[in-house]
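Peer 1: Let me begin by handing over the structure; questions about it come next.
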Amino acid sequence: MNATTETRQFEAEVAQVLHLVTHSLYSHKEIFLRELISNASDACDKLRFEAIADPQLTAGDGELHIDISWDKDARTLTIADNGIGMSRDEVIANIGTIASSGTRRFLAAMANEQKADARLIGQFGVGFYSAYVVADKVTVLTRRAGAPASEGVKWESDGKGEYTLEPVELAARGTTVVLHMKADEDEFLADWKLRSLINRYSDHVAFPIRMPKEAAATDDDAADTADAPEWETINAASALWTKPRNEISDEDYQGFYKSLGHDFNDALAWSHNRVEGSQSFTTLLYLPSQPPFDLMMGGRDERKGLKLYIKRVFVMDAAEELLPNYLRFVRGVIDADDLPLNVSRELLQQNRQLDRIKAACVKRVLDLIETLARDEPEKFATFYRAFGNTLKEGIGEDHANRERIAKLLRFASTKDASAKQVVALDDYIARMPEGQDTIWYITAESHAAAFGSPQLEAFKAKDIEVLLMSDRIDEWMLGSLHEYGGKKLQNVAKGELPLDEADKARQDEAAKAAEPLVARLKSLLGERVGDVRVSARLTDSPSCLALADFDMAPHFARLLREAGQQMPDSKPTLEINPQHALLKRVEAETDDAKATDLATLLLEQAEIAAGAPLPDPAAFVQRMNRVLMDA
Numbered sequence: 000m001n002a003t004t005e006t007r008q009f010e011a012e013v014a015q016v017l018h019l020v021t022h023s024l025y026s027h028k029e030i031f032l033r034e035l036i037s038n039a040s041d042a043c044d045k046l047r048f049e050a051i052a053d054p055q056l057t058a059g060d061g062e063l064h065i066d067i068s069w070d071k072d073a074r075t076l077t078i079a080d081n082g083i084g085m086s087r088d089e090v091i092a093n094i095g096t097i098a099s100s101g102t103r104r105f106l107a108a109m110a111n112e113q114k115a116d117a118r119l120i121g122q123f124g125v126g127f128y129s130a131y132v133v134a135d136k137v138t139v140l141t142r143r144a145g146a147p148a149s150e151g152v153k154w155e156s157d158g159k160g161e162y163t164l165e166p167v168e169l170a171a172r173g174t175t176v177v178l179h180m181k182a183d184e185d186e187f188l189a190d191w192k193l194r195s196l197i198n199r200y201s202d203h204v205a206f207p208i209r210m211p212k213e214a215a216a217t218d219d220d221a222a223d224t225a226d227a228p229e230w231e232t233i234n235a236a237s238a239l240w241t242k243p244r245n246e247i248s249d250e251d252y253q254g255f256y257k258s259l260g261h262d263f264n265d266a267l268a269w270s271h272n273r274v275e276g277s278q279s280f281t282t283l284l285y286l287p288s289q290p291p292f293d294l295m296m297g298g299r300d301e302r303k304g305l306k307l308y309i310k311r312v313f314v315m316d317a318a319e320e321l322l323p324n325y326l327r328f329v330r331g332v333i334d335a336d337d338l339p340l341n342v343s344r345e346l347l348q349q350n351r352q353l354d355r356i357k358a359a360c361v362k363r364v365l366d367l368i369e370t371l372a373r374d375e376p377e378k379f380a381t382f383y384r385a386f387g388n389t390l391k392e393g394i395g396e397d398h399a400n401r402e403r404i405a406k407l408l409r410f411a412s413t414k415d416a417s418a419k420q421v422v423a424l425d426d427y428i429a430r431m432p433e434g435q436d437t438i439w440y441i442t443a444e445s446h447a448a449a450f451g452s453p454q455l456e457a458f459k460a461k462d463i464e465v466l467l468m469s470d471r472i473d474e475w476m477l478g479s480l481h482e483y484g485g486k487k488l489q490n491v492a493k494g495e496l497p498l499d500e501a502d503k504a505r506q507d508e509a510a511k512a513a514e515p516l517v518a519r520l521k522s523l524l525g526e527r528v529g530d531v532r533v534s535a536r537l538t539d540s541p542s543c544l545a546l547a548d549f550d551m552a553p554h555f556a557r558l559l560r561e562a563g564q565q566m567p568d569s570k571p572t573l574e575i576n577p578q579h580a581l582l583k584r585v586e587a588e589t590d591d592a593k594a595t596d597l598a599t600l601l602l603e604q605a606e607i608a609a610g611a612p613l614p615d616p617a618a619f620v621q622r623m624n625r626v627l628m629d630a
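Number 126 in numbering that gives the first Met the number 0 belongs to position 127 of the sequence shown; there are no gaps in the numbering.
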């Protein structure tokens with residue numbers, strides 16, 4: 000080993016990924032070639048962009064390309080590019096260490112998967128390691144553009160916990176990745192196999208992908224390309240989005256999407272548009288069919304999605320200013336003719352031209368989703384299962400499009416206990432009976448808890464449909480969605496129910512008759528409640544909680560407390576059904592201790608049904624046991 004060779008340990012989580020890749024990932028292992036070509040394409044993109052400010056970086060070698068070659072005798076497969084290359088520090092940062100949370104999320108996702116699958120690698124930005132699915136050793140030779148030949152770097156590892164670094168003399172810039180193939184991976188040392196994989200996964204890479212010319216005319220078993228002097232381009236090597244739509248097949252669109260989004264599945268739908276006029280730009284936007292594993296678990300700081308090009312020059316990946324956060328699942332490219340090539344993220348935040356592009360992108364995406372909802376309900380159902388909760392974020396984030404977003408939302412309702420049938424707000428309004436001017440809903444921590452809530456009893460008795468909202472984001476969303484289609488949205492648990500004259504008369508009569516019982520319950524419960532009153536909501540259950548108009552649902556307040564949020568202390572309002580046998584028993588009980596147990600259980604069962612935490616579960620159990628023993 001060279002005296003200047005340094006041996007270093009992989010970061011612990013990188014070692015975990017390498018172990019997983021080496022021992023567990025077998026299905027779809029051909030994805031490794033797509034990932035390595037994608038890395039090479041990114042390197043070429045970065046060089047082309049940096050060369051705008053410093054043309055000397057491409058001096059003497061301005062034609063960017065990616066070369067694929069192999070040697071059957073040596074059992075090596077080589078992917079080489081003449082892109083930006085890497086310095087020694089960049090090699091350590093990009094291969095030996097993972098600075099982002101991509102590796103952690105990848106490991107978490109794989110831990111939740113019943114079947115490990117190589118296709119998941121690309122979604123987490125750790126695509127380089129897919130090489131170890133087919134190789135037992137990987138060698139990387141690289142020199143950064145603009146650096147002298149003496150600053151070349153050789154990186155090598157068998158993926159078993161450590162790697163070596165040594166300086167080497169490299170005449171040309173760029174990166175060469177040499178895969179020393181495992182004994183049972185002969186298929187990836189065949190010309191026809193490599194060409195078919197490139198055609199399937201990487202045809203729309205915007206740089207020429209070249210293979211030795213002689214190999215096409217040579218028998219696979221005899222092909223040896225080590226000395227092949229001539230190259231031929233085997234991919235389309237052009238920006239798909241620049242072509243007229245009538246020249247692009249659905250297969251082309253899908254192939255480009257899979258390369259762009261590191262996705263093994265087809266896109267659900269796409270929109271391809273060219274805008275001409277005072278401002279010119281092209282958009283190609285895709286709706287995935289499945290969410291990436293990190294859509295929610297990665298946090299809102301992990302922004303992915305659109306690539307920004309300016310006059311076909313790649314400028315920025317995951318340009319978050321191109322779409323609002325609630326549409327972060329969209330994949331695609333924007334190619335603008337009028338933005339400056341030296342644009343930065345800071346400049347993008349203050350650029351009026353970009354505001355117009357962003358508005359156009361939002362319109363295109365919402366148009367695309369609306370078209371699915373109207374014309375392809377099955378595809379829309381697939382989309383909504385994957386991204387409905389993310390879309391709900393737009394209610395609070397995008398005031399200008401709030402009505403359009405709300406139109407796309409779907410909810411379970413009391414019309415279907417199974418939750419298999421969901422309803423749009425427009426459908427709910429269309430079947431509201433005459434005289435109803437409110438969209439009624441309830442929030443709960445699960446569909447079963449919502450459907451079974453005692454607060455719905457009066458609505459079920461009158462056959463009034465109620466929307467059942469059980470996603471965690473629903474309570475937050477409803478803080479911004481107060482009305483739709485001219486109809487007020489109202490939580491069935493909040494405030495007093497509007498009653499007709501006959502119902503109001505019966506309610507007043509019941510309240511008056513129960514005044515002694517209400518007074519006794521207030522006395523027995525003391526500081527545990529803010530108020531006790533006769534309920535207009537209950538027909539079968541003995542009690543429920545009622546909320547003030549601006550109170551937070553108990554189950555949601557509990558979630559926020561568990562997340563470390565400070566919640567104001569508030570005392571619940573207990574509503575009772577005086578006709579229920581348990582209330583009759585409280586009314587008749589002469590022993591204050593037993594009456595206190597009964598009254599407290601009425602409050603606690605109402606809290607449990609509403610998703611509120613019990614302040615003292617052990618005391619609840621003891622109290623329940625006393626009542627059961629007494630019964």
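For every residue, glycine included, the Cβ atom is placed at its ideal position computed from N, Cα and C.
Between which residues of its own chain and A385 is the CB-CB distance below 8 Å, once the five residues before and five after are set aside?
Peer 2: P287, S288, Q289, P290 and F328
Peer 1: Between the alpha carbons of N364 and A268, how many angstroms are there, rounded?
Peer 2: First, the amino acid is wrong: residue 364 is Val here, not Asn. Going from the Cα of V364 to the Cα of A268 covers about 10 Å.
Peer 1: Please classify N400 as buried or exposed, where buried requires at least 16 other C-beta atoms within 10 Å of its C-beta.
Peer 2: buried
Peer 1: Using a Cβ distance threshold of 8 Å, determine whether the segment 254-263 contacts the segment 197-216, with at least three qualifying pairs required.
Peer 2: yes
Peer 1: Please give me, in chain order, every unbroken run of the alpha helix (DSSP H) with length at least 4 that falls completely inside the segment 559-604.
Peer 2: 580-587
Peer 1: Looking only at its chain, what residues have a beta carbon closer than 8 Å to the beta carbon of L613, apart from the 5 residues adjacent to it on each side?
Peer 2: E603, E606, I607 and F619
Peer 1: Quick check on DSSP: helix, strand or coil for L164?
Peer 2: Here L164 sits in strand by DSSP.
Peer 1: Classify Q8 as buried or exposed, calling it buried when 16 or more other Cβ atoms lie within 10 Å of its own Cβ.
Peer 2: exposed
Peer 1: Can the beta-carbon of F206 be found closer than 8 Å to that of C43?
Peer 2: yes
Peer 1: Determine whether the beta carbon atoms of K39 and D80 lie at a separation below 8 Å.
Peer 2: Sequence inspection shows Ala at residue 39; the Lys mentioned does not correspond to that position. In this structure, D80 lies closer than 8 Å to A39 by Cβ.
Peer 1: Look at the alpha carbon of H481 and the alpha carbon of E508, and state the distance between them as a whole number of angstroms.
Peer 2: 33 Å
Peer 1: Run the CB neighbour count on A214, radius 10 Å, all protein chains shown included, and call it buried at 16 or more, exposed below.
Peer 2: Summary for A214: the model assigns pLDDT 46, below 50, so the residue's position carries little reliability, and this model does not support an answer.
Peer 1: Rank K306, P323 and I333 by C-alpha distance to the C-alpha of R273 and give the top, closest one.
Peer 2: I333
Peer 1: When burial is assigned at 16 or more other CB atoms within 10 Å of the CB, is G82 buried or exposed?
Peer 2: buried
Peer 1: Please say whether E184 and V133 have beta carbons closer to each other than 8 Å?
Peer 2: yes
Peer 1: Using the Cβ count rule (16 or more neighbours within 10 Å means buried), how would you classify L33?
Peer 2: Reading off the sequence shown, one finds Arg at residue 33, where the question assumed Leu. Its Cβ being crowded by 16 or more others within 10 Å, R33 is buried.
Peer 1: Quick one, are the C-beta atoms of V531 and L537 less than 8 Å apart?
Peer 2: no
Peer 1: Following the continuous beta strand (DSSP E) through M315, name the residue where it begins and the one where it ends.
Peer 2: V312 to M315
Peer 1: Just list the residues that DSSP pairs T57 with in beta bridges.
Peer 2: Paired residue(s): none; T57 is not in a bridge.
Peer 1: Quick check: what's the CA-CA separation for L488 versus L477?
Peer 2: 8 Å
Peer 1: For A144, collect the residues of the same chain with a Cβ closer than 6 Å to its Cβ; drop the 5 residues on either side in sequence, then sort them by chain order.
Peer 2: L46, L56, I83, G84 and R172
Peer 1: Taking D44 as part of the alpha helix (DSSP H), name the residues at either end of that continuous run.
Peer 2: I30 to A52
Peer 1: Measuring straight from C-alpha to C-alpha, what distance separates L496 and I356?
Peer 2: 46 Å
Peer 1: Starting from N272, follow the beta strand (DSSP E) in both directions and report where the run begins and ends.
Peer 2: A266 to V274
Peer 1: If you draw a straight line from the alpha carbon of T6 to that of F31, how long is it in whole angstroms?
Peer 2: 26 Å
Peer 1: Leaving aside the five residues before and after K414 along the sequence, list all residues of the same chain whose C-beta is less than 8 Å from its C-beta, in chain order.
Peer 2: The beta carbon of K414 is closer than 8 Å to those of Q420, V422 and E464 in its chain, skipping five residues each way along the sequence.
Peer 1: Beta-carbon separation of G331 and Y285 under 8 Å?
Peer 2: yes
Peer 1: In the DSSP output, which residue or residues are listed as bridge partners for F655?
Peer 2: With the chain covering 0 to 630 only, the question about residue 655 has no answer from this structure.
Peer 1: Closest to S195 by CA distance: which of K242, G160, G254 and Y162 is it?
Peer 2: G254
Peer 1: Excluding the 5 residues preceding and the 5 following T232 in the sequence, name in chain order all residues of the same chain whose CB lies nearer than 6 Å to its CB.
Peer 2: P207 and R209
Peer 1: Along the chain, where does the beta strand (DSSP E) containing K487 start, and where does it finish?
Peer 2: K486 to N490
Peer 1: Could you give the distance in angstroms between the alpha-carbon of L467 and the alpha-carbon of E375?
Peer 2: Distance between the alpha carbons of L467 and E375: 25 Å.
Peer 1: Cutting at 7 Å between CB atoms, please list the residues of its own chain near R557, excluding the five before and the five after it.
Peer 2: G610, A611 and P612
Peer 1: Out of D550, A58 and I36, point me to the one whose CA is closest to G494's CA.
Peer 2: D550
Peer 1: Judging by CA-CA distance, which residue of K306, L544 and E586 is the nearest neighbour of E514?
Peer 2: E586
Peer 1: Would you say S522 and N576 are within 8 Å of each other, going by their C-beta atoms?
Peer 2: no
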